[in-house]
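See below for the structure under consideration.
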Amino acid sequence: MQLAIETYARQQPDVVTGLFEWYRDCAKMLWLGSDLLDGFVNYCQHAHPELIDSPLRESIIKSQEAAFSGNQFYLLIRPRVAEQIYLRYSYDDHRLTRCEASEFLSFKEKLITGREHSTNLEIDLAPFERDVPKMNQTRSIGSGVEFLNRRFSSRLSNALRYGMICCCPFCRYTPTGTRPSLSALR
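Listed below in structure tokens is the structure:
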């Protein structure tokens with residue numbers, strides 16, 4: 001899926017470069033989504049009022065955070081629920097490209113810790129999640145308790161049904177040859 005900011009950066013690279021240079025001139029390393037939007041509105045009011053209704057605005061609204069250092073500006077955009085896209089803007093060649101989440105996170109870590117070569121610890125939890133039910137649909141997000149209740153009640157009813165199948169042949173006849181009756185247990 002092509003983001004509006006990617007298309008806009010190809011069609012009007014000077015406008016996107018101007019905005020990102022304005023962000024750089026603010027001398028702020030880490031940006032929250034609200035900071036990016038406030039900065040965009042401020043930039044539009046002072047320099048380019050025509051951008052306030054551009055597709056660039058939609059991308060900035062959907063931005064979650066950004067990080068800047070030297071000649072790199074990283075941007076995290078959340079276009080839809082459960083989807084995140086990481087972008088890297090290079091001030092040297094004025095290009096906006098997609099990058100991996102690990103690259104974005106390691107860039108932020110280097111920015112905060114100040115260490116250039118740090119090792120990233122990655123833990124694979126997949127082997128421990130074999131029996132954990134997972135939601136596959138984005139519409140299920142936010143209703144995890146209902147999802148787990150449905151899964152566990154289904155599993156419980158299947159287990160009870162299996163238990164009755166195993167128990168019923170055993171209870172057909174008693175040692176005396178008569179059929180067991182629940183009413184006789186009183």
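Numbering-wise (the numbering used here), the sequence shown opens with residue 1 and increments by one. All C-beta atoms in this analysis are idealised placements derived from N, C-alpha and C, irrespective of residue type, glycine included. Predicted model, so just to flag it, every value in this text is computed and none were measured.
Beta-carbon separation (whole angstroms), residue i vs residue j, contact threshold 8 Å
i     : j     : result
Ile5  : Leu56 : 6 Å
Leu87 : Leu75 : 4 Å
Beta-ladder partner(s) of residue i, from DSSP
i     : result
Gln72 : Ser69, Ser90
Glu83 : Arg80
Local Cβ density within 10 Å of residue i, reported as buried at 16 or more and exposed below that
i      : result
Ile77  : buried
Val145 : exposed
Lys62  : buried
Ser102 : exposed
Arg186 : Since pLDDT at Arg186 reaches only 48, below the 50 mark, its modelled position is unreliable, and no value is offered.
Leu96  : buried
Leu156 : exposed
Phe128 : exposed
Contacting residues, own chain, Cβ-Cβ under 8 Å from residue i (five flanking each side not counted)
i     : result
Arg80 : Thr138
Phe20 : Phe73, Tyr89, Tyr91
Helix, strand or coil at residue i [DSSP, three-state]
i      : result
Leu125 : coil
Leu36  : helix
Thr188 : Because the chain here runs from 1 to 186, residue 188 falls outside it and cannot be looked at.
Ser143 : coil
Ser63  : strand
Cys26  : coil
Leu3   : coil
Leu185 : A caution first: Leu185 carries a pLDDT of 49, below 50, which makes its placement in the model too unreliable to give a value.
Arg57  : helix
Arg155 : helix
Arg115 : coil
Arg150 : helix
Arg95  : strand
Cβ-based neighbour list, residue i, same chain, cut-off 7 Å, excluding 5 preceding and 5 following
i      : result
Leu36  : Ile60, Ser63, Ala66
Ala231 : Residue numbering for the chain in the displayed model covers 1 to 186; residue 231 lies beyond these limits and cannot be assessed.
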